[in-house]
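Using the UniProt record's numbering, you'd call the opening residue of the sequence shown number 1 and step up by one each time.
Note that CB positions come from ideal geometry on N, CA and C, so glycine has one too.
A short write-up of the structure that comes next.
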Amino acid sequence: METKKTQATSEQMTDTDLSEQIKKVTKDSHVRAENTELMLSFQRGQVTLQQYKLLLCSLYEIYQALEEELDRNSNHPNVAPIYFPAELARLEAIEKDLEYFYGRDWREKIVVPAATKRYSHRLRQIGKENPEFLVAHAYTRYLGDLSGGQVLSRITQKSIGLKGSEGLSFFAFPGVTSPNLFKQLYRSRMNSVELMEEQRTGVLEEAVRAFELNIQVFNDLQKMLDVTDNKSQNRSLTHSTPAQTLQIQTTPLLRMLLGLLVAVATVSVGLYAF
Ligand code: HEM
1 METKKTQATS EQMTDTDLSE QIKKVTKDSH VRAENTELML SFQRGQVTLQ
51 QYKLLLCSLY EIYQALEEEL DRNSNHPNVA PIYFPAELAR LEAIEKDLEY
101 FYGRDWREKI VVPAATKRYS HRLRQIGKEN PEFLVAHAYT RYLGDLSGGQ
151 VLSRITQKSI GLKGSEGLSF FAFPGVTSPN LFKQLYRSRM NSVELMEEQR
201 TGVLEEAVRA FELNIQVFND LQKMLDVTDN KSQNRSLTHS TPAQTLQIQT
251 TPLLRMLLGL LVAVATVSVG LYAF
């Protein structure tokens with residue numbers, strides 16, 4: 001299916017192409033997204049199991065909203081050209097990964113920050129009110145996933161120390177043989193979406209907003225992780241090793257003993273002088 005569709009990608013891109021415009025307007029946002037603490041952890045090969053698990057929880061909520069709205073609007077003229085569930089849908093893959101990390105009752109263990117709720121709320125809102133904006137969100141997530149998928153999968157596998165490919169389904173696109181060719185096809189489909197000038201401006205604004213929502217999710221996740229880290233650090237202070245605990249508890253005690261010694265010495269010297 002993919003090869004047949006790919007033949008439509010040979011058309012020349014121009015400055016008025018939606019795919020070019022959207023890339024241009026989101027360029028700065030992309031740099032900001034790349035430089036969030038969470039994304040830097042991936043790039044440095046330092047992503048932790050906790051970071052990855054929490055990210056998967058948020059991705060679950062985001063893709064659930066995105067894919068439900070795309071499915072519901074799949075016959076809409078502005079959505080149909082970019083509707084590729086067989087090739088791109090991520091929800092089932094994320095569910096598999098969540099089950100791998102959290103067990104069968106993973107649904108009860110999902111935790112997401114406020115920013116993720118805002119993101120999914122926005123997706124459901126535009127799905128109802130402005131389905132033509134869905135292209136901006138589908139572009140931001142799917143083309144991003146297709147661009148970094150393979151590299152990020154290997155980095156995550158190595159950082160977390162996973163043996164096989166279990167837990168990494170999110171990064172795999174079995175329905176896409178060549179991510180680059182598929183991205184070309186996707187761009188040509190985006191360019192075939194007919195939009196009035198006002199709608200086009202709305203889509204471009206929505207793409208910047210989509211990046212912003214992602215950045216907020218990454219920042220919120222990092223804050224959640226920092227709080228957890230601090231808590232466990234505090235716990236390790238109260239449940240600290242005997243040596244640490246002793247040190248903490250003896251400081252005021254020592255001070256009291258010293259004070260007492262000085263007092264006794266002063267009294268003794270006084271008595272001696274007397
Ligand atoms: C680890 C951080 C990231 C790195 C290193 C990275 C890197 C890249 C690279 C190398 C490309 C290919 C550029 C090209 O083909 O011209 C790309 C494309 C893309 N990335 Fe990222 N990216 C990161 C994070 C993100 C995030 C968080 C998002 C959105 C949420 C995103 C969205 C996109 C999109 C939409 C494209 C397609 C651009 C286009 O061809 O129009 N990226 N990224």
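query: For residue 63 and residue 107, the rounded distance between their alpha carbons; result: 15 Å
query: Helix, strand or coil at residue 89 [DSSP, three-state]; result: coil
query: Short Cβ contact (9 Å threshold) for residue 277 with residue 81; result: Residue 277 cannot be examined here, being either before or after the span of the chain that is shown, 1 to 274.
query: Cβ-heavy atom distance, residue 286 to ligand 1, below 8 Å; result: Here the chain covers residues 1 to 274 and nothing more, so residue 286 does not appear.
query: 8 Å contact criterion, which residue 146 and residue 176 should meet: CB distance rounded; result: 7 Å
query: Buried versus exposed call for residue 113 [16 or more other C-beta atoms within 10 Å across all chains shown]; result: buried
query: Three-state secondary structure (DSSP) of residue 164; result: coil
query: Distance between residue 151 and residue 141 (C-alpha atoms, nearest Å); result: 16 Å
query: Endpoints, alpha helix (DSSP H) assigned at residue 135; result: 134-138
query: Segment contact flag, the region 207-223 with the region 159-166, C-beta cutoff 8 Å, min 3 pairs; result: no
query: Presumed contact (8 Å Cβ cut-off) between residue 126 and residue 60, rounded CB distance; result: Incorrect: roughly 19 Å between the Cβ atoms, too far for contact.
query: Sequence-distant residues of the same chain with beta carbon closer than 8 Å to residue 15, five excluded per side; result: 21
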